[in-house]
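For the sequence shown, numbering that gives the first Met the number 0 gives the first residue as 0, with consecutive numbering after it.
Quick reminder that beta carbons are idealized off the backbone N, C-alpha and C, glycines included.
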Amino acid sequence: MDIDNVTRRWHEVKDRLPAGVKLVAVSKHVPVELIAGLYAAGQRAFGENRVQELERKREALPPDIEWHAIGHLQTNKVRLVAPYVSMIHGVDSARLLEAIDREAERAGRVIPCLLQFRVATETSKFGMTEREVRALLESEEFARMKHARVAGVMAMATFTRDEALVRGEFARARELFEALKRDYFADDAGFNVLSMGMSGDYRLAVQEGSTLVRLGSALFRGDE
Ligand SMILES: *Cc1c(COP(=O)(O)O)cnc(C)c1O
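Dropping the structure here:
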């Protein structure tokens with residue numbers, strides 16, 4: 000990994016992404032020097048999935064980086080990231096959303112969150128069913144939340160070469176996103192994020208309507 004190659008790949012990916020699709024550079028396991036290099040090239044949104052690593056990197060890097068907590072977040076780690084995190088992607092339970100609401104209030108913030116929808120047959124055991132998502136959005140607890148703001152949906156497809164399967168899973172996530180927008184967020188322009196697509200499948204995700212891709216190895220290792 001050297002910064003010239005990473006920056007070149009970053010430019011290639013950005014050229015390929017349609018306008019309106021946000022790129023979060025997933026920097027887990029990536030040394031701070033490379034993150035700083037990509038920051039210097041202009042990238043501002045970075046994603047991490049482990050709180051300790053996130054904390055360490057945040058302290059070492061410029062304060063205007065937008066940190067995205069991707070992946071599974073434990074309830075007892077929310078307090079650490081609540082003061083600064085830009086978005087929490089993997090909200091997979093009402094309990095986690097309640098913890099975020101509480102800690103965001105303590106921190107005097109409103110934190111945009113994405114509900115993780117389980118579409119994959121195998122890749123991840125995390126994520127809610129449509130029924131669970133709807134139950135959460137219809138609950139009194141949710142109605143009372145003022146500091147955890149639901150900004151959209153996140154999904155991960157099955158890790159496979161079967162393009163039809165992956166495409167179908169992304170289409171399912173898009174359908175849920177549209178249905179939730181219609182049923183619960185029709186007047187809320189802030190419900191506008193469909194986070195799907197990683198290095199191996201982001202082209203399909205974008206074709207199926209993704210508004211935010213989370214790319215690690217395609218940028219930092221050249222894998223696609
Ligand atoms: C690691 C990770 C990514 C990035 O994966 P790549 O295949 O390296 O692009 C995206 N989303 C989540 C939730 C991850 O944990």
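Simplified DSSP assignment, three categories, for residue i
i      : result
Arg143 : helix
Lys56  : helix
Ser194 : strand
Phe125 : coil
Glu65  : strand
Rounded straight-line distance, which links the Cα of residue j to that of residue i
i      : j      : result
Val175 : Ala40  : Residue identity check: residue 175 is Leu in the sequence provided, not Val. Roughly 35 Å between the two C-alpha positions.
Arg108 : Tyr83  : 9 Å
Ala172 : His71  : 18 Å
Thr6   : Pro111 : 28 Å
Gly196 : Val205 : 7 Å
Leu136 : Thr157 : 26 Å
Span of the alpha helix (DSSP H), counted from its first residue to its last, around residue i
i      : result
Arg94  : Ala93 to Arg105
Glu207 : Segment: none, Glu207 is in no alpha helix (DSSP H) and carries neither H nor E.
Gly36  : Val31 to Ala40
Gly89  : Here Gly89 belongs to no alpha helix (DSSP H); instead the beta strand (DSSP E) covers Met86 to Val90.
Ala24  : That residue, Ala24, is in no alpha helix (DSSP H); its beta strand (DSSP E) goes Lys21 to Val25.
Opening and closing residue of the beta strand (DSSP E) in which residue i lies
i      : result
Ala44  : Ala44 to Glu47
Arg213 : Leu211 to Leu214
Leu179 : No beta strand (DSSP E) contains Leu179, which is instead part of the alpha helix (DSSP H) from Glu162 to Tyr183.
Proximity of residue i and residue j at Cβ, strictly below 8 Å
i      : j      : result
Val165 : Asp200 : yes
Ala35  : Leu60  : yes
Ile64  : Val25  : no
Arg8   : Ala217 : yes
Exercise for the section: Considering only heavy atoms of ligand 1, list every residue whose Cβ is less than 5 Å from one of them, following chain order. Expected result: For ligand 1, the selected residues are Val25, Asn48, Ile69, Gly70, Met197, Ser198, Arg213, Leu214, Gly215 and Ser216.
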